[in-house]
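In the numbering used here, the protein residues as written are 273 to 640. What follows is a single structure, written as structure tokens, with notes after it.
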């Protein structure tokens with residue numbers, strides 16, 4: 273088992289990475305499960321695949337799993353789902369010192385973490401991420417949120433987990449599309465600040481996706497360590513460092529909004545295409561060599577992820593897509609910062625981007 277510390281002042285926690293952690297849930301949560309009844313939030317797909325393993329692990333140590341099972345997908349990151357989850361936690365008489373368990377991908381982690389942040393002004397929670405994307409990104413760092421009609425993740429809170437258990441065994445039952453979507457967040461760490469890791473992805477990404485256990489552990493542990501370093505430096509995204517983790521997300525969130533936050537475009541797929549667009553826009557502005565941008569696009573395509581905007585079949589123009597960006601939570605004094613690249617492994621925050629120019633660029637990409 274690999275253990276990556278997240279060294280935040282006053283509330284440090286560990287990310288434990290290895291196969292079989294869910295089956296050994298109670299020993300890994302020593303001192304955190306205070307009551308017989310343990311509240312767990314999950315979705316129907318994850319419950320069908322891993323609910324029995326978790327329930328049995330708890331029962332063997334005298335605990336009882338109490339489930340809140342939500343429909344899978346981004347639609348569960350809603351006001352209604354949040355309100356119902358909060359009411360359920362209150363009915364279960366959850367106390368501030370209790371730990372709520374989030375068993376699922378980014379949707380479940382975000383929703384459960386937000387509910388934990390607001391129930392009784394803050395309860396504890398544990399992340400049990402069951403997707404590659406959640407293991408390498410969303411389960412670490414304490415960003416929790418729901419979606420609204422105005423856009424993605426616009427209502428939420430910073431609320432750090434007490435522990436993250438990334439069981440690599442769950443990746444064996446993950447649908448191939450979900451696995452590929454999570455890989456986008458792995459590649460992101462190479463693109464934003466680690467050219468050597470992007471080269472590692474070039475050489476090992478396909479084998480990792482195909483199931484090589486050692487490569488999967490390395491990819492997850494390396495990604496988690498990279499995110500932990502950034503979160504430790506800039507927990508609340510006020511210094512600029514953490515904003516680099518949004519590489520691909522400004523474009524990606526606009527695409528998710530245009531496709532209705534649906535299974536038509538998974539979050540990781542949107543981020544993958546968003547990174548390609550960020551690279552190509554950087555090249556268009558003369559910031560990044562065009563060959564490097566196309567290297568990014570080729571890598572994304574070879575991983576089975578969307579790499580061309582025209583391939584989505586959207587019925588909109590660039591202006592419509594930039595319209596979604598106006599609701600981005602990173603807007604600052606009417607300006608939207610973009611994470612762009614000078615080269616592979618050298619991302620930076622650009623505050624001089626004209627959305628009209630972005631709209632023209634997107635029109636060109638839609639016409640490819």
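C-beta: ideal position from N, C-alpha, C; glycine also.
Residue 345 places its beta carbon less than 9 angstroms from that of residue 379.
Counting along the chain, the unbroken beta strand (DSSP E) around residue 618 starts and ends at 618-622.
Closest option to residue 309, judged by alpha-carbon separation, among 590, 291 and 340: 340. For the region 537-571, not one full-length beta strand (DSSP E) segment reaches 3 residues or more.
According to DSSP, residue pairing for residue 374 in a beta bridge involves 313 and 399. The three-state secondary structure of residue 603, taken from DSSP, is coil. Residue 389 holds the alpha-carbon nearest to the alpha-carbon of residue 418 among 397, 446, 389 and 405. For residue 341, the enclosing beta strand (DSSP E) covers residues 336-342. Selection 351, 580 and 461 evaluated against residue 383 yields 351 as nearest (Cα-Cα). Residue state for residue 450 is assigned as helix, using DSSP reduced to three classes. By the Cβ neighbour-count rule, residue 609 is buried, with 16 or more other Cβ atoms within 10 Å of its own.
Contact annotation: residue 546 and residue 527 have beta-carbon atoms nearer than 9 angstroms. Its Cα nearest to that of residue 504, the residue 280 stands out among 280, 275, 274 and 273.
Here the C-alpha atom of residue 363 lies approximately 50 angstroms from the C-alpha atom of residue 553. According to the DSSP secondary-structure assignment, residue 277 is paired through a beta bridge with 286.
DSSP places residue 523 in no beta strand (DSSP E) but in the uninterrupted alpha helix (DSSP H) bounded by 521-530.
With respect to the C-alpha of residue 370, the residue from 433, 500, 582 and 326 having the closest C-alpha is 433. By the neighbour-count criterion, in which a residue is buried when 16 or more other Cβ atoms sit within 10 angstroms of its Cβ, residue 293 is buried. For the options 347, 429, 424 and 400, the alpha carbon positioned closest to that of residue 387 is the one of 429. Residue pairing by DSSP puts residue 439 in a beta bridge opposite 290.
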